[in-house]
Structures are given as structure tokens and as C-alpha cells.
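Novice: Going down the list, the sequences are from chains A and B.
All the letters of the first sequence, read from the start, carry residue numbers 2 to 237 under my numbering.
All the letters of the second sequence, read from the start, carry residue numbers 2 to 237 under my numbering.
Note that beta-carbon positions come from the ideal geometry of N, C-alpha and C, so glycine has one too.
Protein chains: 2
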Amino acid sequence: MAMAGLYRRVLPSPPAIDFASNEGKQLFLEAIQNGTMEGFFKLISYFQTQSEPAYCGLASLSMVLNALAIDPGRKWKGPWRWFDESMLDCCEPLEKVKAKGISFGKVVCLAHCAGAKVEAFRSNLSTIDDFRKHIMACTTSDDCHLISSNHRGLFKQTGSGHFSPIGGYHAEKDMALILDVARFKYPPHWVPVPLLWEAMNTIDEATGLHRGYIIPHSYSVIYLDFHYKLLTSALP
Amino acid sequence: MAMAGLYRRVLPSPPAIDFASNEGKQLFLEAIQNGTMEGFFKLISYFQTQSEPAYCGLASLSMVLNALAIDPGRKWKGPWRWFDESMLDCCEPLEKVKAKGISFGKVVCLAHCAGAKVEAFRSNLSTIDDFRKHIMACTTSDDCHLISSNHRGLFKQTGSGHFSPIGGYHAEKDMALILDVARFKYPPHWVPVPLLWEAMNTIDEATGLHRGYIIPHSYSVIYLDFHYKLLTSALP
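What follows is the structure in C-alpha cells.
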């Protein structure tokens, strides 16, 4: 068998825990029982592989747009309307994304352009406690899904800046499930939230700005209610 | 918003139960606790959308090949070796598959060609009891995954012949989880196994032959052990 090229990578564990390992399955079961995998079902239903090595931002966004059941209002193939990465051709030319990837700000722009309402938090303008509240709000419902923009180095993974959706949360162990869209490289995996925060609290050299996290919503969700829940969850 | 074309379909329920509904989540939790979702974790990690309206056979197979960690031995994009539908260009020309879909026999041929060991069962040469034993063997391990070839009509769904992997089993309720690769149309859903069997026990007009199910394996799995388990599971 030809061996040129790379066949996946071994997931550095620790710090990550493979979703399909015995330990990963146990975390998953406990998190379901504790109600912090509610968003998982819709999100995993649209889990996809980034179709180009630099399309992590586009793949993460198209997963979330499909999970939120946002109608792109135009055809994909045959009679079907459906978000494919190739349709996210707003804010930044696709050829440029293919060559160099996409910045945090441009992904936010794209989400707006595709018809989502978007909350975006750069790590220098947010805190780990806010991040946890947002994770909790999104994993206990299926109205919103977080997209993390982080640096892979903190997880001892090869590569640098990367986008992936967060698929669930284990509150007691304070671990989040990363649904890595670079599935040809690493499988889905659990990571400690403090380390994930540290990985988001890094600077993208291409823009000189901090990374962070993005929460797209459907306009059909009552937006104020979401904020109300976030606010009241912060009360003693 | 432009409304030409179709934005998904409403899943006819019953007979199917949406994976992300409350009832679907409950079935899922019970099935995990009973050990018949073991294969789910790897398979769902590679869940994908068929990239063309007639590529259900190719998408189902590429999901399973990736879940089995079979190395295609050639590059996909960048340095990465990874199964994409466009690489399943054996047994039947891709242009023909794009126009007309693919037959049961050609999917079996393709799985062999891609480097898998394959068991294939046409419904007229198998029984529902054998099918249940195979479902049980595959959902309690992560060494094999079933691909069903069935007729959508039995589920009151639009369309005709369709391929999709089976993602899990609820033994007590005798229901199987279909990870429908036509995700632009229907979400993943649970169906009663007797109805699934009936849907597989139909004739493909293009070939005049019965549909059925396909089980690809990795050569790295000790094949005889699998058969031994199947055999002993049939003993009183």
C-alpha cells in the first residue's frame, strides 16, 4: 500500500480524551445524564469534514447553520437548499480562504451574511467564567452552538489556529467536547475547559487580534430570552 | 428570502422517530445503557452528507471506511490520506453514479476495491433474524458497521431506493437508528426493525435483484472471531 502522505495523527492524550475511547464514552454518558449534551443531537447530525485543508472556519460555520436549520434561501444541488462550504462565499473570497484560511472577524461576518444572528467574544474582551456560562447555556439547549477559535499547540496537537464547534460539556470534570472538523487528522475529543480557554486566549498573527468564540443563532429563536437565561444563571 | 427549491422534508413520524426529538434522545440513552450503541461513537465521528443527490451509496461507504480507519493508501488533499466519495471511482464510473445512483452489487464491489473485507446479504438470501444478529454484533462493538439498502416508501418517505449506515440499536423496542446521508432531506431517525427489513426486502428495478445489507470490515480485525461471536450468540 502506498504510504506517501499522512494517515491521520495520533491524538495527544492527555490532555485530550478521544470521544470514542472508553473514557470518552463514560464522560459522554455522564454529561447526557446531567443534561449538558442537549445541543449535541442536532449538531452531530450535521457533523462534517472540512472539504479543504484551510476550510475549518467554513466547515464549522456550515455545520452550525445546518444544525440551526437556517434556510440558505438558494439551491445547493438538485432542488435542495442546504449550506455547503462552497456557498459561504461572502466577506472573504473562497480562493483566499482556500490558500490562507479565514480570520475570526471574517467568520463572524460570514455568519451574519448567511442569515444568522451572531454573538462573538474575543478572549481579551471576555472571561473564562463568561465562556463557561455560554457553554452551559448552549449545551443545555439546542438553540445555539459555540464555535471555538483556538491554537492547537496548547493541546500538543500539530498545526496552529483552528476553528471547531463545541459539541457538549461535562460540568463536573469541566471538560468540553470538540467536534474537530479536520477529521482526516484528529477524531472528536474532550479537552479541559481551562486549557481550551488558554488556547483561545492567543493572538492570531495574521490579524494581531485575539481569538475567541462565536455563537450563531437563528432569528427564529427569541433572542432576549437567551440573554435573560444567561443573566439569571449568573445570579446567586 | 428566495423560496425556489426544497428546504428539507418533514420526517414522517410515525413510523420514524427523529434522533434529536425527546423520544429519540430517550431511545438513545436507553440503548447506550444497554450496550448497543458501542459502534455509534466511531461511526458518528465520520457522519457525512452525500455530496450529490445520487451519491447515497458512495457517502455511506466512505463513512464506514473512515470509521473503520481503513487507509486509502493515496492522498485526498494536501498531504492527507482520507476517503472522500470522489475517490470511490472503481466498479462504476462516477459520472454514471452521479446520474443514476449505484446498485447493491456495485457498492459491494467498491468496498472490496477500497480495501475492506465485505459481507453482503440480499434479503431473499437472508432472514430478519440473521439481520438482527448482525445488527447486535455490530452495535455492541466498533469493528463493523451495517449499511442498509432499502426502499424509502415503507417509511412513508419520498424517494425510492436508498443507502444509509445503521448507527445503533434499541433491543427492547427493536428499533434501529438510520444515519441518513441525505441530511439535506431527513435528519437521523429511529425505525422499527421489522419495517426496515420489509424496506430492504424489496426489488431494485434497475437490476431486478433484491436489496439487503452490507457489512464492511477492516482486514485488521480477526474475521473468524466475528463469525464465532455471531455463531455463539445464536446458541441457546
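#1: Quick one: list the residues of chain A neighbouring B:T50, beta-carbon separation under 7 Å, in chain order.
#2: Determine which residues share a DSSP beta bridge with A:F122 and list them.
#3: Taking 7 Å as the cut-off, does the CB of A:P94 come closer than this to any heavy atom belonging to the ligand PLP?
#4: Tell me, please, whether the segment 187 to 201 of chain B touches the segment 95 to 115 of chain B by the rule of three or more beta-carbon pairs shorter than 8 Å.
#5: Out of curiosity, what's the CA-to-CA distance linking B:S46 and A:V65?
#6: Is the separation between the beta-carbon of B:G40 and that of B:F164 shorter than 8 Å?
#7: Bridge partners of A:D19, per DSSP?
#8: Distance check for A:R153 and A:K186, CA to CA, integer angstroms please.
#9: Please tell me whether A:I33 has its Cβ less than 8 Å away from any Cβ of chain B.
#10: Going by other Cβ atoms of all chains shown within 10 Å of its Cβ, with 16 needed for buried, is B:E120 buried or exposed?
#11: I'd like to know if the segment 78 to 91 of chain B and the segment 170 to 182 of chain B are in contact, where contact means that at least 3 CB-CB pairs between them fall below 8 Å.
#12: Under 8 Å, do B:P16 and B:L196 count as touching if we go by C-beta distance?
#13: Just verifying my parser: in three-state terms, what is the DSSP assignment at A:W198?
#14: At a cut of 8 Å, does the segment 122 to 129 of chain A reach the segment 208 to 223 of chain A through at least three beta carbon pairs?
#15: Sort B:L155, B:R9, B:I167 by Cα distance to B:A68 and report the nearest one.
#16: Please name the residues in the segment 122 to 138 of chain B whose beta-carbon is closer than 7 Å to at least one beta-carbon of chain A, in chain order.
#17: May I ask you to list, following chain order, the residues of the segment 80 to 100 of chain B that have a beta carbon less than 7 Å from some beta carbon of chain A?
#18: Checking contacts by CB at 8 Å: is B:P166 closer than that to chain A?
#19: In whole angstroms, what is the alpha-carbon distance linking B:F48 and A:E206?
#20: Against B:G6, what residues of chain A qualify as contacts under a CB-to-CB distance less than 7 Å, listed in chain order?
#21: Comparing the C-beta of B:P188 with each C-beta of chain A, is any distance below 8 Å?
#22: Let me know if A:K157 comes out buried or exposed under the rule of 16 or more other beta-carbons within 10 Å of its beta-carbon.
#23: Less than 8 Å between the CB atoms is what I'm expecting for B:F29 and B:S63, so what's the real figure, rounded?
#24: How is the alpha helix (DSSP H) around A:N67 delimited, first residue to last?
#25: Alpha carbon to alpha carbon, how far is B:N202 from B:R133? Give it in angstroms, no decimals.
#26: Am I right that A:Y8 and B:D72 are in contact with their C-beta atoms under 8 Å? What's the rounded C-beta distance?
#27: Between the Cα of B:K174 and those of B:A112, B:G209, B:G25, B:K43, spot the shortest distance and give me the residue it belongs to.
#28: Which of the three DSSP states, helix, strand or coil, is assigned to B:H163?
#29: If you draw a straight line from the alpha carbon of A:H218 to that of A:S61, how long is it in whole angstroms?
#30: For B:F156, which residues in chain A fall below 8 Å Cβ to Cβ?
#31: Quick one: does B:L210 have its CB under 8 Å from some CB of chain A?
#32: How long is the line joining the alpha carbons of A:H146 and A:G74, rounded to whole angstroms?
#33: On the CB-based measure, 16 or more other CB atoms within 10 Å of its CB, does A:N23 come out buried or exposed?
#34: If you draw a straight line from the C-alpha of B:V11 to the C-alpha of B:F20, how long is it?
#35: List the residues of chain B whose Cβ lies closer than 7 Å to the Cβ of A:L30, in chain order.
#36: Which value, in whole angstroms, describes the spacing of the CA atoms of B:K76 and A:D130?
Specialist: So, to answer that:
#1: Here the neighbours are Q49.
#2: The secondary-structure analysis by DSSP pairs A:F122 across a beta bridge with A:Y214.
#3: Absent from the structure shown: the ligand PLP. Ligands present: none.
#4: No, because fewer than three Cβ pairs between the segment 187 to 201 of chain B and the segment 95 to 115 of chain B fall closer than 8 Å, the two stretches do not touch.
#5: Rounded to the nearest whole angstrom, the CA to CA distance from B:S46 to A:V65 is 16 Å.
#6: The answer is no: Cβ separation not under 8 Å.
#7: For A:D19, the pairing in a beta bridge is given by DSSP as A:H190.
#8: Distance between the alpha carbons of A:K186 and A:R153: 12 Å.
#9: A:I33 counts as touching chain B.
#10: It is buried - the Cβ of B:E120 has at least 16 other Cβ atoms within 10 Å.
#11: Verdict: no, contact absent.
#12: Going by C-beta atoms, B:P16 is nearer than 8 Å to B:L196.
#13: Of the three classes helix, strand and coil, the one that applies to A:W198 here is helix, per DSSP.
#14: Contact between the segment 122 to 129 of chain A and the segment 208 to 223 of chain A is present: 3 or more CB-CB pairs across the two stretches fall below 8 Å.
#15: Ranking B:L155, B:R9, B:I167 by Cα distance to B:A68 puts B:I167 first.
#16: Contact residues of the segment 122 to 138 of chain B toward chain A are absent (C-beta to C-beta distance below 7 Å).
#17: For the segment 80 to 100 of chain B, the beta-carbon criterion of a distance under 7 Å to any beta-carbon of chain A is satisfied by P80, W81, R82, W83.
#18: Judged by the 8 Å Cβ criterion, B:P166 is not in contact with chain A.
#19: Cα-Cα distance, rounded: 33 Å.
#20: Those are K76, P80, W81, R82, listed as they occur along chain A.
#21: It does: the Cβ of B:P188 has a partner Cβ on chain A nearer than 8 Å.
#22: Exposed is the call here.
#23: Taking the Cβ atoms as the reference, B:F29 lies roughly 24 Å from B:S63, outside the contact range of under 8 Å.
#24: Run containing A:N67: 57 to 68, per the alpha helix (DSSP H) assignment.
#25: Answer to the nearest angstrom: the Cα atoms are 14 Å apart.
#26: About 5 Å; that satisfies the 8 Å criterion.
#27: Of the candidates B:A112, B:G209, B:G25, B:K43, the residue whose Cα lies closest to the Cα of B:K174 is B:G25.
#28: Under the three-state reduction of DSSP, B:H163 is assigned to strand.
#29: In a straight line, the C-alpha of A:H218 is about 14 Å away from that of A:S61.
#30: The premise fails here: B:F156 is roughly 17 Å from chain A at the closest Cβ pair, so nothing lies under 8 Å.
#31: For B:L210, not one C-beta of chain A is nearer than 8 Å to its own C-beta.
#32: Straight-line spacing of the CA atoms in A:H146 and A:G74 works out to 21 Å.
#33: With fewer than 16 Cβ atoms within 10 Å of its Cβ, A:N23 is classed as exposed.
#34: When rounded, the distance between both Cα atoms is 13 Å.
#35: Within chain B, the residues near A:L30 are I33.
#36: Here the C-alpha atom of B:K76 lies approximately 42 Å from the C-alpha atom of A:D130.
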